[in-house]
Amino acid sequence: MSLLRKHHRRKLLESPFPEAWQDILDADVPYTQLLDEAELARLRETITILIDEKYWEGCGELEMNDRVQVVIAAQAAIMLLHLDATDYFHNVRTFLVYPTAYVQSQERVGSDGLVHSGSANLGEAWYNGPVVLSWKDSLQAAHSPGRGLNVVFHELAHAVDMMAGTTNGTPMLKNREDYASWNSTMSETFAALRKRYAGGGRDVIRPYGLTNVAEFFAVTTECFFDDPIRFQKAHPKVYEHYARFWGQDPASRSWPRG
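Using the numbering used here, the first residue of the sequence shown is number 1171, and each one after it goes up by one.
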């Protein structure tokens, strides 16, 4: 990071966190109630930097405003509470936000080898490009933590995966020796889940996570942050790898019991 950027961030964070933004967190992001004071301070700093450094654009008649930015940035910041390696998702330059699910206008080749176009999306992440999100679904995810469904976590997990140069479901790990254990655990879990679903079984990891290894990482990241107690119980080895990578243990937080 350049000295100029460091100086800019330092000056930016000298200003107090806006009261209006805190009101938005209190009203729309109940996840923040699970965090300790140090994490809340880190969260506010990260929100401030993400809103300042990223380009935010409303699409499909959505007017960009503080609420949209704070709610989405807060969910992104939860992922970065103890993870510095991404430098605030350095490969994400832009957030494009639609009012609701949007129609994908560009053709793409899916994991099935077919060309897809005109499909409805809740979100998507492009390599060194924008993250695209549905505001309706981003807000619903913020309002209702604990379901294991969060489009912001999902798409930013893809962005983290892409930092390694490819989307193979394996982010950049701290130590070279970690890769063998990671790949073994994920491969075994992926294969076991395919067998389970083929036999009519169910799991906390929804079937979409078995589309390919990239979607497996994105869906299980949703589970890790948004349904961590059930995820840890069902897949303790995967949870342990994620706790080391993300630097946090969300299952240990005081989640409300339903």
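The beta carbon of each residue, even a glycine, is placed where N, CA and C say it ideally should be.
Mind checking which residues open and close the beta strand (DSSP E) that includes residue i?
i	result
W1226	Y1225 to G1228
Y1268	T1264 to Y1268
Between residue i and residue j, what straight-line distance do the alpha-carbon atoms span, to the nearest angstrom?
i	j	result
A1404	W1226	37 Å
A1295	L1309	18 Å
S1281	P1398	Residue placement at S1281 cannot be trusted, given a pLDDT of 44 that sits under 50; what the coordinates show is reported in the next sentence. Approximately 28 Å, taken between the alpha carbons.
E1347	T1355	14 Å
N1345	K1306	38 Å
A1211	A1247	11 Å
S1351	S1185	44 Å
L1363	F1387	14 Å
E1207	F1187	14 Å
G1369	Q1418	34 Å
F1394	G1230	31 Å
E1385	S1172	33 Å
Find out if the Cβ-Cβ distance for the pair residue i, residue j is shorter than 8 Å.
i	j	result
V1238	V1267	yes
A1451	S1304	Not covered by the structure: residue 1451. The range shown for the chain is 1171 to 1428.
V1273	G1293	no
F1265	V1301	yes
A1311	Q1245	yes
Y1148	T1216	Past the boundaries of the shown model lies residue 1148; the chain is included only from 1171 to 1428, so the question cannot be answered.
L1183	L1213	no
F1401	Y1409	yes
L1319	D1396	yes
T1337	N1353	no
M1155	Y1297	A question about residue 1155 goes unanswered here, because the residues of the chain that appear run from 1171 up to 1428.
V1240	L1174	no
A1255	M1342	yes
Where does the unbroken alpha helix (DSSP H) through residue i begin, and where does it stop?
i	result
S1304	First-last for S1304: V1301 to S1304, but that is the beta strand (DSSP E), not the alpha helix (DSSP H).
V1199	Taken as a continuous stretch (DSSP letters only), V1199 belongs to no alpha helix (DSSP H), as it is neither H nor E.
Quick one, which of the options has its alpha-carbon nearest residue i's?
i	options	result
H1260	G1228, A1334, A1197 and E1231	A1334
V1435	P1269, G1230 and M1249	The requested residue 1435 is not part of the displayed model; the chain covers only 1171 to 1428.
H1411	Y1349, D1307 and L1213	Y1349
S1357	N1291, F1323, N1382 and L1195	N1382
H1178	T1340, E1223 and A1208	E1223
E1233	V1262, R1263 and P1269	P1269
S1424	I1194, L1195, L1204 and K1176	L1204
Q1192	F1394, D1236 and G1316	D1236
R1263	L1253, G1299 and T1391	G1299
Who are the near neighbours of residue i in its chain, counting only those whose CB is closer than 6 Å to its CB and skipping five residues on each side?
i	result
K1365	none
A1243	I1217, L1220 and I1221
What does a CB cutoff of less than 8 Å around residue i pick up in its chain, not counting 5 residues either side in sequence?
i	result
V1389	H1324, I1375, R1376, Y1378 and G1379
Just to confirm my understanding: we take residue i, look at its own chain, exclude 5 residues before and 5 after, and list those with CB closer than 7 Å. What are they?
i	result
K1407	T1355
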